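Numbering (the numbering used here), first residue to last: 90 to 284.
Here the structure is laid out as structure tokens; the discussion comes afterwards.
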């Protein structure tokens with residue numbers, strides 16, 4: 090130690106205790122990072138007009154029309170004017186499907202859905218591109234927390250057909266990984282930051 094350092098006092102680096110918890114990234118930010126890194130398209134919407142605008146932009150970007158899009162729920166039909174799926178039709182005949190989700194899983198960037206959103210259909214039966222509507226209160230830390238929240242949400246009857254949707258990564262396309270083998274989909278997530 091030099092003379093001047095002794096005289097003026099050398100400042101010691103503050104070491105962080107190994108017993109302090111690590112700084113946690115908020116669930117919403119963690120999810121968005123992981124979701125977009127995998128190739129998901131996250132569109133933040135502050136109001137219903139932005140949802141309509143983004144939905145129309147998705148249609149234009151992919152050169153789809155409303156007849157090539159379906160949904161399972163009446164409220165989506167009313168807000169976006171999309172055809173409600175009828176059992177006599179086949180989901181494969183459509184370019185995309187609009188669904189809601191149960192939870193957005195932050196530590197993986199996956200999306201949890203159940204029979205409330207996709208009915209009895211398996212993910213491989215749905216179109217390769219999905220447009221998913223989510224809300225600000227649907228983030229969960231991990232699958233375990235999401236399953237607990239799902240159980241608490243539906244106390245009378247726990248949903249069936251519970252699954253997570255993975256985002257189709259274009260890098261995997263080069264590795265010849267099939268979309269239907271790993272539940273991967275091209276996903277547009279319209280995230281609603283309002284009630």
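Quick reminder that beta carbons are idealized off the backbone N, C-alpha and C, glycines included.
Everything numeric in this text was worked out from a predicted model, so none of it was measured.
Exercise for review: Report the partner residues of residue 280 according to the DSSP bridge assignment.
Suggested key: Walking along the chain shown from the start, residue 280 turns up at place 191. DSSP, once it has assigned bridges, lists 133 and 223 as partnering residue 280.
**Study point:** Residue(s) in a DSSP beta bridge with residue 228
**Key:** Here the question's residue 228 lines up with position 139 in the chain shown. Looking at the DSSP assignment, residue 228 forms a beta bridge with 193.
Point to revise | CB-CB length for residue 274 against residue 218, believed under 8 Å | key: Residue mapping note: residue 274 aligns to position 185 of the chain shown, counting from 1. Residue mapping note: residue 218 aligns to position 129 of the chain shown, counting from 1. Indeed they touch by this definition, with Cβ atoms about 7 Å apart.
Point to revise | Own chain, CB closer than 6 Å to residue 159, minus 5 neighbours either side, in chain order | key: Taking the chain shown and counting its residues from 1, one reaches residue 159 at position 70. Same-chain partners within the cutoff: 172, 174, 183 and 186.
Review point. Do you know offhand how far residue 125's Cα is from residue 131's?
Key: Working through the chain shown from its first residue, we reach residue 125 at position 36. Working through the chain shown from its first residue, we reach residue 131 at position 42. In a straight line, the C-alpha of residue 125 is about 7 Å away from that of residue 131.
Review point. Do the CB positions of residue 204 and residue 249 come within less than 8 Å of each other?
Key: On the chain shown, residue 204 is found 115 positions in, with the first residue counted as 1. On the chain shown, residue 249 is found 160 positions in, with the first residue counted as 1. Taking 8 Å as the Cβ cut-off, residue 204 and residue 249 qualify as a contacting pair.
Review point. Anyone know if the C-beta pair for residue 147 and residue 243 falls short of 8 Å?
Key: If you number the chain shown from 1, residue 147 lands on position 58. If you number the chain shown from 1, residue 243 lands on position 154. No, the pair does not count as a contact, with Cβ atoms beyond the cut-off.
Review point. First and last residue of the alpha helix (DSSP H) that includes residue 125?
Key: Mapped onto the chain shown, residue 125 falls at position 36. Start and end: 116 to 126.
Point to revise | Classification of residue 189 by the beta-carbon crowding that lies within 10 angstroms, buried from 16 upward | key: To locate residue 189, count along the chain shown from 1; it is residue 100. Residue 189 should be labelled buried.
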